[in-house]
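Each remark here refers to the structure printed beneath this line.
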Amino acid sequence: MELTFTPKAERFIQRMITFGGGNAASAFRLAVKPGGCSGLSYDFRIVDAAEPGDVAITSNGIPVLLEQKSVPFLNGVVVDCEDSLMNTGLVFTNPNAAASCGCGTSFTPKE
Numbered sequence: 072m073e074l075t076f077t078p079k080a081e082r083f084i085q086r087m088i089t090f091g092g093g094n095a096a097s098a099f100r101l102a103v104k105p106g107g108c109s110g111l112s113y114d115f116r117i118v119d120a121a122e123p124g125d126v127a128i129t130s131n132g133i134p135v136l137l138e139q140k141s142v143p144f145l146n147g148v149v150v151d152c153e154d155s156l157m158n159t160g161l162v163f164t165n166p167n168a169a170a171s172c173g174c175g176t177s178f179t180p181k182e
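Quick note: the sequence shown uses my numbering, first residue 72, plus one each step.
In structure tokens, the structure reads:
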């Protein structure tokens, strides 16, 4: 399983934890769910505990939980943070995507 967080994304996630009421046990949970303009969308939030079956990894000290059934869609993904006049948030570069929407938060998987 290879999932890369850029330093900008790590800072953004750490701020999500800090300013979202997280604590020392909080983690960033990432999953892929049906939805978005391209078929599947990235679902992420700060949680205090893993859900059954979650895959736990760490990125520069930040605990990350991956929904088990989402792992095949997330392998090789690079998570970055965009901060512009039009958008501030996480952006996903996914080698498993056949197409992505313009906002970078949903994708169509390769067959």
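Built from N, CA and C at the ideal position, the CB exists for glycine as well.
In this text the structure is predicted, and so the values were computed from the model without any measurement.
Of the residues the options, the one placed nearest residue i, counting alpha carbons only
| i | options | result |
| --- | --- | --- |
| Gly106 | Asp114, Arg100, Gln85 | Asp114 |
| Met157 | Phe163, Val150, Lys140, Gly173 | Gly173 |
| Pro78 | Ser155, Asp151, Ser171 | Asp151 |
| Gly93 | Ala120, Gly110, Cys108 | Ala120 |
| Glu182 | Thr164, Glu153, Asp154, Phe144 | Phe144 |
CB contact check: residue i to chain B, cutoff 7 Å
| i | result |
| --- | --- |
| Gly93 | Structure shown: chain B not included; a single protein chain is present. |
Proximal residues to residue i (C-beta, below 6 Å), its chain only, five neighbours per side dropped
| i | result |
| --- | --- |
| Ser141 | Ala102, Val103 |
| Pro134 | Ala98 |
| Ala168 | Phe178 |
| Asn131 | Glu81 |
| Gly91 | Ile117 |
| Phe76 | Ser130, Val150 |
| Asp154 | none |
Cβ pair residue i, residue j closer than 7 Å
| i | j | result |
| --- | --- | --- |
| Arg100 | Leu136 | yes |
| Glu73 | Gly147 | yes |
| Ala170 | Ser112 | no |
Heavy atom of the ligand ADP within 6 Å of residue i beta-carbon
| i | result |
| --- | --- |
| Gly92 | Although the ligand ADP was asked about, the structure shown includes no ligands whatsoever. |
Beta-carbon proximity list for residue i, same chain, < 7 Å, skipping 5 on both sides
| i | result |
| --- | --- |
| Ala95 | none |
| Pro166 | Gly147 |
Residues near residue i by beta carbon distance below 8 Å, same chain, minus five either side
| i | result |
| --- | --- |
| Gln139 | Gly124, Asp125, Val126 |
Between the segment 120-128 and the segment 83-90, are three or more C-beta pairs nearer than 8 Å? no
For the segment 98-169, list the beta strand (DSSP E) runs that are entirely contained and at least 3 residues long, ordered along the chain. 98-105, 111-118, 126-130, 133-137, 148-154, 159-164
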